[in-house]
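Peer 1:
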Amino acid sequence: MTEVAGLWSYLSTTPLIWLTTTTVAYLAADGLSRRLGHPPWANPVLLSVLLIAPVLWLTQTDYTTYFEGAQFIHFLLGPATVALALPLWDNRDTIRTSVVPIVLALLAGSVVAAGSAILLAGAFGLPMEVLLSLAPKSTTAPVALGISEAIGGLPALTAVLVILTGIIGAVTVTPVMNLLRITDWRARGFAVGVAAHGIGTARAFQVNPVAGAYAGIAMALNALLTSLIVPILVRWLI
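Rendered as structure tokens:
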């Protein structure tokens, strides 16, 4: 028993163990989601969190130690963000013909997402650091972390809030859109891309390719607009 505990103490401090754990958990979660037919509640990111969290709790591993191992995946978010230019370029003709509704929807979605978070956090008396960390929650993680750090938030907390926002959006978007009887795949995709960034966009691609394309467009544009408006909203609303 002592040898097993000693072996685990060594493995848990090496970066490879948590990178492997994260990768295996996501592959298992994605496989389960595929087998179930991609229902909204079986989101791979949500299932991965449910798989990894008990492991971290049982092994008493803190976030810093875990992140040291999983940071390579975090690094890949940067190239993934740059790749957001691809759906914009691939759908440039569609964007040209829909500039006005796209701009109006983008402005409404971005302002409401950030503004409502700031106002609600202030109304509930949350600490300033939490409020600032919450403001960029609806944009993609690399951009959100940069915004949070720039305005005085806590990037680690922002990362958690971004993931939660994406998971909630991905799980609820299909039932909510069906309830509201919104059948236009462009509108459905654009809405989830603005509200739930990459996780929501992945869900949109599972449901319909047109929705996925518009979600990618919305996610890219929202990342740009959020980085511009959040500092303004913070100064104006606080």
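Its first residue numbered 1, the sequence shown is counted upward by one per residue in my numbering.
Just so you know, even glycine gets a beta-carbon here, dropped at the ideal spot from N, CA and C.
For tyrosine 26, which residues in the same chain have their Cβ closer than 7 Å to its Cβ, ignoring the five residues on either side in sequence?
Peer 2: In the sequence shown, counting from the first residue as 1, residue 26 sits at position 26. Answer for tyrosine 26: Pro44, Ser48, listed in chain order.
Peer 1: Taking the alpha carbon of valine 162 as the reference point, which residue from Gly216, Leu179, Ala113 has its own alpha carbon closest?
Peer 2: In the sequence shown, counting from the first residue as 1, residue 162 sits at position 162. Of the listed residues, the one whose Cα sits closest to valine 162 is Ala113.
Peer 1: Leaving out five residues before and five after leucine 278 in sequence, what residues of the same chain have Cβ atoms less than 7 Å from its Cβ?
Peer 2: The structure shown has nothing for residue 278, since the chain only spans 1 to 238.
Peer 1: When the Cβ atoms of the stretch 189 to 198 are set against those of the stretch 215 to 229, are three or more pairs found closer than 8 Å?
Peer 2: Contact between the stretch 189 to 198 and the stretch 215 to 229 is present, because at least three Cβ pairs lie under 8 Å.
Peer 1: Out of curiosity, what's the CA-to-CA distance linking proline 142 and glycine 198?
Peer 2: Position 142 of the sequence shown, counted from the start, is the residue given in the question as residue 142. Position 198 of the sequence shown, counted from the start, is the residue given in the question as residue 198. Rounded to whole angstroms, proline 142 to glycine 198 spans 11 Å at the Cα level.
Peer 1: Tell me whether the stretch 179 to 188 and the stretch 199 to 215 touch, counting them as touching only if at least three CB pairs, one residue from each stretch, are closer than 8 Å.
Peer 2: Touching, yes, given that three or more Cβ pairs across the two stretches are closer than 8 Å.
Peer 1: Taking Cβ positions, are alanine 42 and leucine 50 nearer each other than 8 Å?
Peer 2: Counted from its first residue, the sequence shown places residue 42 at position 42. Counted from its first residue, the sequence shown places residue 50 at position 50. Their beta carbons are not under 8 Å apart, which means alanine 42 does not touch leucine 50 by this criterion.
Peer 1: How would you label leucine 58, buried or exposed, when you count the other beta carbons within 10 angstroms and need 16 or more for buried?
Peer 2: Walking along the sequence shown from the start, residue 58 turns up at place 58. Answer is exposed; the Cβ neighbour count stays below 16.
Peer 1: Using alpha carbons as the reference points, say which of Pro155, Val55, Gly109, Leu107 lies closest to threonine 20.
Peer 2: Stepping through the sequence shown from its first residue, residue 20 is reached at position 20. Ranking Pro155, Val55, Gly109, Leu107 by Cα distance to threonine 20 puts Val55 first.
Peer 1: May I have the straight-line CA-CA distance separating alanine 53 from threonine 61, to the nearest angstrom?
Peer 2: Indexing the sequence shown from 1 puts residue 53 at position 53. Indexing the sequence shown from 1 puts residue 61 at position 61. Looking at the two C-alpha atoms, the distance is approximately 10 Å.
Peer 1: Spatial neighbours of alanine 70 within its chain, please: CB distance less than 7 Å, with the 5 preceding and 5 following residues excluded, ordered by chain position.
Peer 2: Counting from 1 along the sequence shown, the entry for residue 70 is found at position 70. Answer for alanine 70: Trp18, Leu19, Thr22, listed in chain order.
Peer 1: Mapping the DSSP letters down to three states, classify alanine 83 as helix, strand or coil.
Peer 2: Counting from one through the sequence shown, the residue named residue 83 turns up at place 83. Coil at alanine 83, not helix or strand.
Peer 1: What is the C-beta distance between threonine 158 and serine 133, in whole angstroms, given that I count them as a contact (C-beta under 8 Å)?
Peer 2: Against the sequence shown, residue 158 aligns to sequence position 158. Against the sequence shown, residue 133 aligns to sequence position 133. That pair is a contact at about 5 Å.
Peer 1: What whole-angstrom Cβ distance do isoleucine 151 and valine 234 have, given they're in contact under 8 Å?
Peer 2: Position 151 of the sequence shown, counted from the first residue, corresponds to residue 151. Position 234 of the sequence shown, counted from the first residue, corresponds to residue 234. Contact flag correct, Cβ pair sits at about 6 Å.
Peer 1: Let me know the secondary structure DSSP gives glutamine 60 once reduced to three states.
Peer 2: Walking along the sequence shown from the start, residue 60 turns up at place 60. Note: glutamine 60 maps to coil in three-state DSSP.
Peer 1: Rank Gly166, Ile232, Pro231 by C-alpha distance to the C-alpha of threonine 201 and give the top, closest one.
Peer 2: As a position in the sequence shown, residue 201 is number 201, starting the count at 1. Cα-wise, what sits closest to threonine 201 is Gly166.
Peer 1: For the alpha helix (DSSP H) that alanine 213 lies in, which residues bound it at each end?
Peer 2: On the sequence shown, residue 213 is found 213 positions in, with the first residue counted as 1. Run containing alanine 213: 209 to 237, per the alpha helix (DSSP H) assignment.
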